[in-house]
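A.B. asks: The structure follows.
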Amino acid sequence: MKNPALAVALSVVLFPLLSLPAQADKLDDIIGSGKLRCAVTLDFPPMGFRDESNKPAGFDVDYCHDLAKVLGVDAEVVETPFSDRIPALLSGRADVIVASTSDTLERAKTVGLTVPYFAFQMVVLTRDDTGINSYADLKGKKLGNTSSTYEAIALEKDQKSWGSGSFRAYQSQNDTLLAVAQGHIDATVVTNTVAAATIKSGKYKGLKIAGDAPYVIDYVSLGAKRSEYGLINYLNLFVNQQVRTGRYKELFVKWVGTEIPPANLTVPQVYY
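Written as structure tokens, this is what we have:
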């Protein structure tokens, strides 16, 4: 270079860039480690729960294993309460969230979310003796739900707007269901899948479904750190292939049954 001053100036600018360490890629890290750690909530049947042998089971657990299989690694289920899903990811305790996480725009400011891999319709769950037969009957009642869930946020907002009754947040889905069954609260709002599984189990006596909640369908996504574009792109393709190969429907029938039809996760001429 004929201009020594320019050469010195360029070296000052370029040296820090050349000396920076290579940017780590989470997808490569997972494959290299031979293990995929999935944050899964295990008190949310049929999506995640513990079976008779105390082993993780459910739709989300199988989904984690499917993802690990195509990556060529072993799956590790990291039991994670709803309120701890994003902290578990951001702290490095989990690589991916597979825990029925609603794809809200507010949440997407913190964590990277994929296209939806499942969808829920919300219903009112109450006891036979409350006199509640619809969502409108919840006004003035003692209500509660599982902290940080989509349905908890929506139900508490409505309760406050009614100006009567009360709302209480619980740490886990089991705590919420127990509160309804024992009369600590009159009703809650849960997914149609949870309601059906809870009543079918016979674990809590005297529970009933009292109609749909007037909420939009709750589409849920896989989650990864927002900066991990390579991993998020891979997860989007994985979800797409789960749908178009029929695996999504297969898992739905296995864990939810045939009484509730699986939500259509495609958008004609946009995503299929």
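Heads up: the sequence shown runs through residues -24 to -1, 1 to 248, numbered per mature numbering (1 follows the signal peptide of the UniProt record, and there is no 0). Cβ coordinates follow ideal geometry from the N, Cα and C atoms, glycine included.
Considering only the alpha carbon of each residue, which of Ser124, Ser142, Arg220 lies closest to Gln149?
C.D. replies: Comparing Cα positions, the closest option is Ser124.
A.B. asks: Within its chain, find whatever has a CB closer than 8 Å to the CB of Ile6; leave out the 5 residues flanking it on each side and keep chain order.
C.D. replies: The residues are Leu12, Leu47, Val49, Asp71, Leu207.
A.B. asks: Could you tell me if residue 278 is buried or exposed, where buried requires 16 or more neighbouring beta carbons within 10 angstroms of its beta carbon?
C.D. replies: No statement about residue 278 is possible, as the shown extent of the chain runs from -24 to 248 and does not include it.
A.B. asks: In chain order, what residues of the same chain lie with their CB nearer than 6 Å to the CB of Val166, ignoring the 5 residues before and after it?
C.D. replies: Closer than 6 Å at Cβ, skipping near neighbours: Leu101.
A.B. asks: According to the Cβ coordinates, are Asp188 and Ile108 closer than 8 Å?
C.D. replies: Cβ distance not < 8 Å, so Asp188 and Ile108 don't count as in contact.
A.B. asks: Excluding the 5 residues flanking residue 310 on each side, which residues of the same chain have their C-beta closer than 7 Å to its C-beta?
C.D. replies: Nothing about residue 310 can be read from this structure; the chain reaches only from -24 to 248.
A.B. asks: Report the three-state DSSP secondary structure of Ala(-3) (helix, strand or coil).
C.D. replies: Note that Ala(-3) scores 49 on pLDDT, short of 50, meaning its location in the model is unreliable and no value can be drawn from it.
A.B. asks: In its own chain, which residues sit with a C-beta less than 6 Å from the C-beta of Ile73, not counting the 5 before and 5 after it?
C.D. replies: Ala15, Arg61, Leu65, Gly199.
A.B. asks: Measuring straight from C-alpha to C-alpha, what distance separates Ala172 and Gly24?
C.D. replies: About 14 Å.
A.B. asks: Answer yes or no: do Phe96 and Thr174 have a C-beta to C-beta separation smaller than 8 Å?
C.D. replies: Cβ atoms of Phe96 and Thr174: not closer than 8 Å.
A.B. asks: Can you tell me where the beta strand (DSSP E) holding Leu241 begins and where it ends?
C.D. replies: Element bounds for Leu241: n/a, residue is neither H nor E.
A.B. asks: Here's the rule: buried if 16 or more other CB atoms are within 10 angstroms of the residue's CB, otherwise exposed. What is Leu211?
C.D. replies: It counts as buried.
A.B. asks: Less than 8 Å separating the beta-carbons of Tyr39 and Tyr93?
C.D. replies: Their beta carbons are under 8 Å apart, which means Tyr39 touches Tyr93 by this criterion.
A.B. asks: Quick check on this structure: which residue in Tyr205, Leu213, Asp1 has the alpha carbon closest to the alpha carbon of Gly88?
C.D. replies: Checked all of Tyr205, Leu213, Asp1; the closest Cα to Gly88 is Tyr205.
A.B. asks: Between Trp138 and Lys118, how many whole angstroms is the CB-CB distance? I'm expecting something under 8 Å.
C.D. replies: That belief does not hold up - the Cβ atoms of Trp138 and Lys118 are roughly 13 Å apart, past 8 Å.
A.B. asks: Go ahead and label Thr164 buried or exposed: buried means 16 or more other beta carbons lie within 10 angstroms of its beta carbon, across all protein chains shown.
C.D. replies: Result: buried.
A.B. asks: According to DSSP, what are the bridge partners of Asp42?
C.D. replies: None, per the DSSP bridge assignment.
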